[in-house]
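So the sequences go chain by chain: R and F. So that you can map any letter, position 71 of the first sequence is 79 in this note's numbering, and since no number is skipped, the others follow by simple counting. So that you can map any letter, position 252 of the second sequence is 1121 in this note's numbering, and since no number is skipped, the others follow by simple counting. For glycine and all other residues, C-beta sits at the position ideal for the given N, C-alpha and C.
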Amino acid sequence: MSVTVIKPKKTLSVEDFREIWRYKELLYFFTWRDLKVRYKQTAIGALWAIFQPFMTMVVFSVFFGRLAKIPSDGAPYPIFVYVGLLFWQFFSGALSETSGTLIANQAIITKVYFPRLILPISAVVTKFMDFFISAAILVVLMVYYGYVPHLKGLLILPLLLIITFMASIGLGLFLAAVNVKYRDVRYALPFFIQLLLFITPVIYPASIAGKYSWILAMNPMTGVIQSARAALLGTTPVNWLLLLLSLGACLVALVIGVIYFKKVERYFADIV
Amino acid sequence: MSAIIEVKNLGKKYSIRHHRGGYVALRDVLANIAKSPFRFAKTKVKEITGVDTREDFWALRDINFTVEQGEVIGIIGKNGAGKSTMLKILTGITPPTTGEARMHGHVSSLLEVGTGFHPELTGRENIFLNGAILGMSRRDIVKNFDAIVAFAGIDQFLDTPVKYYSSGMHVRLAFSVAAHLKPDILLVDEVLAVGDAEFQKKCLGKMEEVTKQDGRTILFVSHNMSAILNLCTKTILLDKGKIVEIGETPKVIDRYLGNAHMNAAIDFPQDPSKDIQISRISILNETGEPSARIPISEKSTIEVEFEARTSVEGALLSLLIYANGEMLLWSSESDKNASLTDYAPGKYKTTIALPAFLLNVGTYFFDIRLHKPWVVLLDERANLPLEILDVNNPKSQIMRGHHPGRLAAVLDYATTRTS
Chain R
9 MSVTVIKPKK TLSVEDFREI WRYKELLYFF TWRDLKVRYK QTAIGALWAI FQPFMTMVVF
69 SVFFGRLAKI PSDGAPYPIF VYVGLLFWQF FSGALSETSG TLIANQAIIT KVYFPRLILP
129 ISAVVTKFMD FFISAAILVV LMVYYGYVPH LKGLLILPLL LIITFMASIG LGLFLAAVNV
189 KYRDVRYALP FFIQLLLFIT PVIYPASIAG KYSWILAMNP MTGVIQSARA ALLGTTPVNW
249 LLLLLSLGAC LVALVIGVIY FKKVERYFAD IV
Chain F
870 MSAIIEVKNL GKKYSIRHHR GGYVALRDVL ANIAKSPFRF AKTKVKEITG VDTREDFWAL
930 RDINFTVEQG EVIGIIGKNG AGKSTMLKIL TGITPPTTGE ARMHGHVSSL LEVGTGFHPE
990 LTGRENIFLN GAILGMSRRD IVKNFDAIVA FAGIDQFLDT PVKYYSSGMH VRLAFSVAAH
1050 LKPDILLVDE VLAVGDAEFQ KKCLGKMEEV TKQDGRTILF VSHNMSAILN LCTKTILLDK
1110 GKIVEIGETP KVIDRYLGNA HMNAAIDFPQ DPSKDIQISR ISILNETGEP SARIPISEKS
1170 TIEVEFEART SVEGALLSLL IYANGEMLLW SSESDKNASL TDYAPGKYKT TIALPAFLLN
1230 VGTYFFDIRL HKPWVVLLDE RANLPLEILD VNNPKSQIMR GHHPGRLAAV LDYATTRTS
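Below, the structure is given as C-alpha cells:
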C-alpha cells in the first residue's frame, strides 16, 4: 500500500519525476482539454493553427523578401522564413501559454492536489500539436519549391524539437512561477517576445550580423533555427558548435526553471 | 486494526501580509520604495534581522490524531476554526508549517463539487476531465461511466456543452463523478451545501452506502449536524485552529452546541473594506435578556446590528431557519410590503420578533443574511444556534414529552355538531 507523507519541507528528488509519470493521464487530459476547447465556437476550427503562420509568412515574404530584399541564404524567401516562423511560433507561443497557465487553472490548483509541473508541461505539449499542424504547410512549400531534405537533416529534426521544448519549458516554468506572485509578467512578456523576435534570425539569416553574429549565438533559438534551415534547405552546413551551445543553454534554462518552480510551488495554492 | 492516517503536531502559519493575500505587483513594491525609501529600508532590515513585528496567524496548531481504517470522522467547528485548512494540508494542496501527516493508501479529495469542469465541453467530456482531475484512471472512468450518468440522471444531455446545463444538473453531474471515486481515504469538505434538498438526501444516502459497504475511510467536514450524526463514528471539534475535543460524535456535537449556547449575543470581527457588515446578533427572551434558550411558550426577538459604510441600495435582510440541515423558513424584511431598503452610511439595528409556538421543541440553526436579492450576498452570519425549551407546553402534556414535527404553530380548531 502506498504511503503519502505530508511534511513542511519537500526537496526536489527523483520521486517528483516519478510522480509526474504517475500523473501522465492527467497531463494527457489537460492537453486534450486545451486542444478541444481552443477552437470551440469558431467557424474554421483547427485551420487557425495553419492560417496564422501561413498569413504571417505571406506578409513577411511580400514586405521583407520582395520589397526590403532581405537575403535568405539562397533559398526562396517564403520557405526560408517559414522554417524560422515554425520554430519561433512554437517557442514564443509555448512561453506565453506556460506563463499564464497557473493563473488560468487557479480554481483547480486551490482545490485538488497534483504535481503542478503538469500544467506548464501540458501547455507546451499543446503548442507542440500546433507545430505539427502548421508543419503541413512546410511540406507543401517544400514540394512546391522542389526541396528534398537529406537523411541527416531529417535525423537532426527531433534534436531541434527537443531543444526548443526544453528551452520553452525551462523559461516557461520560471515565468509561470514568477507570474503567480508578480502579475507584471502578463504585461511584460508579450513586449519581451516581440523584441526577442528581432534578435532571433527568423526574418533574416544569421549571416547578416557579420562579425557580431556571436551576439545572436547567445540566443538558443538561433542555433535551432539555423540548423533547421541547414537541415531542411541545405542553405548552410550544420554548425555543430552552435547547436551544442544552444543545447547547453537550454539545459541550463531547464534546470534553473525546474529548481525555481519546485522551490516556490508549495505556496501556489496560498497566493495564486 | 492499524492506523490509516497519523497526524502529528500539524500546524499551519500564515503571516498576515501573506494572508491578506493575493499577489503583489512589482509596481507596488517599487512605488513603496520610491515613496518612503527609509521606511522600506527599515522594514527590510527588520525582516532580515528577525525583529520584524509583522503578525503571524496560526490557522492550525498542534493537531494530533489518528484514524483507523474504515472510520468516518466528522470535523466540526465555527467558520475560521481551521477545518478547511486541515483538509487542504492533508490533500497536499498547501504544505504545513510544522509537523507531519502519514496516510496509508490512495487519497482522494473532494473540496468542491465539479472542480475543473469546463463550460465549453460536453457532459461526456467533462466526466472524463473531472474524473482525471480527481485522480481516476481512464479505465476506471470508462468502467463507471454508465453508473455515473445514471446517478446524475442527465443521459439526454450527455453531448450538450455544460454551459447550457441548469445549475441543478451541473451539481448532479459533478457529485456523481465524485461519488464513483474509489480511494482508500476520502477527504470531503462541505460539498453537500449545494444542490436541492432532494439531491442532498440522495448524496448522503450514497455516502452512507459507500462507507458502510466498502469500509472506506472518510474525513468529512460539514456544518450539517444531522449528516455528521448519521455518518460519522467519531468527530473532531476544532476551535481557533486547535482540537478542542475528539471522540464519539453525539458527545462532541453536544459540546459544540453547548459552547455555542453560551453565546446568546455574538459580536463579529469587522472588516472596514466591506460596504455593509453585521456587527452583532443577539437573541433576547420575552423579558429582553440575552438567551439562546427560549421557552416554547414565550415570544423572543432576534436583534441584528449592522453598519453601512457606504450607501447601499436595494438591500434586504433575511432570516433563514434550519433544522437537521433542512431549511424550515426563509423570512425577509420584505415579506409584508415587497420592498427593498436603501441604507445611508451609518449604524442600524433590526429586530425580528419571533412569536411563541412557532418552532417545536428542539435545536435549530439560523442564518442572517444581508443581500441584494438575486444580485449579491453582502454579508452573512451562518449557523447560529437557537434552542426551544419544553416549558409551559400544553402540547407536550398530551404527547407525553414527545415532540413530533418541526413547527409548533397553534391552529384554531372549531368543531360543531352537524347532525
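Check: Less than 8 Å between the CB atoms is what I'm expecting for T64/R and W56/R, so what's the real figure, rounded?; Outcome: Not confirmed; about 12 Å, so no contact.
Check: Would you identify the three-state DSSP class for G1183/F, choosing helix, strand or coil?; Outcome: strand
Check: Count the other CB atoms, across all protein chains shown, that sit within 10 Å of the CB of D1140/F; report buried if there are 16 or more and exposed otherwise.; Outcome: exposed
Check: Quick one: what's got a C-beta closer than 8 Å to I207/R's C-beta in the same chain, skipping five residues either side?; Outcome: I223, L224, N227
Check: Give a yes or no on whether the C-beta atoms belonging to S1166/F and V1260/F are separated by under 8 Å.; Outcome: yes
Check: So, is the C-beta of K877/F closer than 8 Å to a C-beta in chain R?; Outcome: no
Check: Whose Cβ in chain F lies nearer than 9 Å to the Cβ of L34/R?; Outcome: A1001, I1002, G1004
Check: Could you tell me whether the Cβ of T1104/F comes closer than 8 Å to any Cβ of chain R?; Outcome: no
Check: Can you pull the chain R neighbours of A970/F, defined as C-beta to C-beta under 9 Å?; Outcome: T12, V13, I14, K15
Check: Measuring only the C-alpha atoms, how far is R889/F from T230/R?; Outcome: At R889/F the pLDDT is 40, less than 50, meaning the model places this residue with poor confidence and gives no usable figure here.
Check: Should P1119/F be labelled buried (16 or more other beta-carbon atoms within 10 Å of its own) or exposed?; Outcome: exposed
Check: Going by C-alpha to C-alpha distance, which of T1284/F, I1171/F, L1246/F, N1154/F sits closest to G1183/F?; Outcome: L1246/F
Check: Alpha carbon to alpha carbon, how far is I216/R from Y275/R?; Outcome: 47 Å
Check: What are the boundary residues of the alpha helix (DSSP H) that includes A185/R?; Outcome: 159–189
Check: In the DSSP output, which residue or residues are listed as bridge partners for D1248/F?; Outcome: L1239/F
Check: For I1122/F versus M1076/F, is the C-beta distance shorter than 8 Å?; Outcome: no
Check: Taking N878/F as part of the beta strand (DSSP E), name the residues at either end of that continuous run.; Outcome: 872–884
Check: Against chain R, does R1124/F count as a neighbour if the rule is that its beta carbon must be under 8 Å from one of theirs?; Outcome: no
Check: Going by C-alpha to C-alpha distance, which of L1056/F, L990/F, L1050/F sits closest to F1026/F?; Outcome: L990/F
Check: Between the C-alpha atoms of G1004/F and V1018/F, what's the straight-line distance to the nearest angstrom?; Outcome: 18 Å
Check: Using the C-alpha atoms, what's the distance from L197/R back to F945/F?; Outcome: Contrary to the premise, residue 945/F reads as Ile rather than Phe in this sequence. Cα-Cα distance, rounded: 46 Å.
Check: Name, please, each residue of chain R whose Cβ falls closer than 9 Å to the Cβ of R1178/F.; Outcome: By Cβ distance, chain R contributes nothing, its closest Cβ being about 27 Å from R1178/F, past 9 Å.
Check: Would you list, in chain order, the members of the region 38–62 of chain R that have their beta-carbon closer than 7 Å to a beta-carbon of chain C?; Outcome: Of the chains in the structure shown, none is chain C; the protein chains are R and F.
Check: On a Cα-Cα basis, can you pick out the residue from L149/R, R124/R, P166/R that is closest to F136/R?; Outcome: P166/R
Check: Looking only at C-alpha atoms, which of M1268/F, I1112/F, L1189/F sits nearest to D931/F?; Outcome: I1112/F
Check: Should D1053/F and G974/F be called a contact, given that it needs their Cβ atoms to be closer than 8 Å?; Outcome: yes
Check: DSSP three-state label for G890/F, please.; Outcome: Here the model assigns G890/F a pLDDT of 42, short of 50, so the residue's position is not dependable and the matter cannot be decided.
Check: Closest by CA to L1153/F, which one among P1224/F, L1088/F, R1124/F?; Outcome: P1224/F
Check: May I ask you to verify whether the region 1083–1094 of chain F touches the region 933–940 of chain F, counting CB pairs closer than 8 Å and requiring at least 3?; Outcome: yes
Check: Whose C-alpha, out of K271/R, S221/R, L181/R, is nearest the C-alpha of G265/R?; Outcome: L181/R
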